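S.K.: A single structure is presented below for examination.
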Amino acid sequence: MLSEQVYAHLRDAIMHGAHAPGDALKPQDLAKEQSVSLAVVREALVRLVGEGLADRLPNRGFAVPAFSDHRWQEIAEARRAVEPVLLRMSIERGDLDWESRVRAAHHRLARTPAFVPGEGEHYSDAWAEAHRIFHRTLLEGCGNAILLETFDRMWTASELARRWSAHRTPDRDHLGEHRRLEDAALARDADAAAAALAQHLTLTAAGLADRTQHEPTTEA
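Residues 35 to 254, numbered by the working numbering, are exactly what the sequence shown covers, in order.
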């Protein structure tokens, strides 16, 4: 469907920095650029709003969220409140199969390049998916589908902030942070694992805090 194609194009453009934080997303211009109707573009934009990748502004159309938007810190706070609890439950309830899946997910993440030459300065889609799978696998041992759905919603809502934070903190030791998470979880050290996860989430939020006046250069 056209709306699906336009949605995918716009999502990819926002995720990879083609539209800077705070940039207007003008339906008329986007419709002309994609050679589709205004209705198709609006449908795609409304979907992006639902995923937290765009804002709908009263009487002003649509825009990419800003760095200074308080939602990023609220999402980080929510994740710090929920995910360490889920991780503790996973460590308590997870079986051998869960341990095996955590090892496999971490292996895939560690072996997937975060940045690919020629794809710009934002991390790759392959790494983003491996990253999501690792974090979700860590929590799946909890065995609670409702709580995992909550994780899924928060993960989607924080994807843009996660990419911006990684772009602004290129020297961050992601490999080390994820390795510590895996080690603590598989050692069944709930306190160390929960603390490592909370710190991991805090560092992501910190990448967007107190630096809103220094926005990164975006790729064309």
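Where a beta carbon is used, it is the ideal one built from N, C-alpha and C, also for glycine.
Note that this is a predicted model, so its numbers are computed, not measured.
Have a look at D207 and P147 and give me their C-alpha separation to the nearest angstrom.
M.R.: The alpha-carbon atoms of D207 and P147 are separated by roughly 14 Å.
S.K.: My understanding is that L143 touches H212, with C-beta atoms under 8 Å, so please give their C-beta distance in whole angstroms.
M.R.: The Cβ separation is near 6 Å, so the contact holds.
S.K.: Ordered along the chain, which non-local residues of its own chain (more than five positions away) have a Cβ less than 7 Å from that of P118?
M.R.: Once the five neighbours on either side are set aside, the close Cβ partners of P118 are A228, L231 and A232.
S.K.: Under the rule that 16 or more other beta-carbon atoms within 10 Å means buried, what is L87, buried or exposed?
M.R.: Its Cβ being crowded by 16 or more others within 10 Å, L87 is buried.
S.K.: Could you tell me which whole beta strand (DSSP E) segments of length 3 or greater appear in the region 40–113?
M.R.: Listed in chain order, they are 89–91 and 95–97.
S.K.: Kindly indicate the opening and closing residues of the alpha helix (DSSP H) around A227.
M.R.: Run containing A227: A224 to A240, per the alpha helix (DSSP H) assignment.
S.K.: Got a sec, what are the start and stop residues for the alpha helix (DSSP H) H169 sits in?
M.R.: From DSSP, the alpha helix (DSSP H) with H169 extends over D159 to E174.
S.K.: DSSP on F149, reduced to helix/strand/coil?
M.R.: Reduced to three states, the DSSP call for F149 is coil.
S.K.: Suppose you measure from the CA of D225 to the CA of A164; what does that come to, to the nearest Å?
M.R.: Whole-angstrom Cα-Cα distance: 25 Å.
S.K.: Tell me the residue span of the alpha helix (DSSP H) that contains H208.
M.R.: Counting along the chain, the alpha helix (DSSP H) containing H208 begins and ends at H208 to L220.
S.K.: Short check: CB of F168 to CB of A139, under 7 Å?
M.R.: Yes, these two residues count as a Cβ contact at 7 Å.
S.K.: Just checking my contact of V74 with L36 at CB under 8 Å: how many whole Å lie between their CB atoms?
M.R.: Their Cβ separation, rounded to whole angstroms, is 5 Å, which keeps V74 and L36 in contact under 8 Å.
S.K.: Figure out for me which residue from A115, K66, Q107 and H53 has the closest Cα to the Cα of A239.
M.R.: Among A115, K66, Q107 and H53, the Cα nearest to that of A239 is on Q107.
S.K.: Enumerate in chain order the residues of its own chain whose CB-to-CB distance from T171 is below 6 Å, with the five nearest sequence positions on each side excluded.
M.R.: Around T171: R135, V136 and A139.
S.K.: Taking Cβ to Cβ, would you say L235 is nearer than 7 Å to R114?
M.R.: Cβ atoms of L235 and R114: closer than 7 Å.
S.K.: Roughly how many whole angstroms lie between the Cα atoms of L209 and R145?
M.R.: L209 and R145: Cα-Cα distance of roughly 10 Å.
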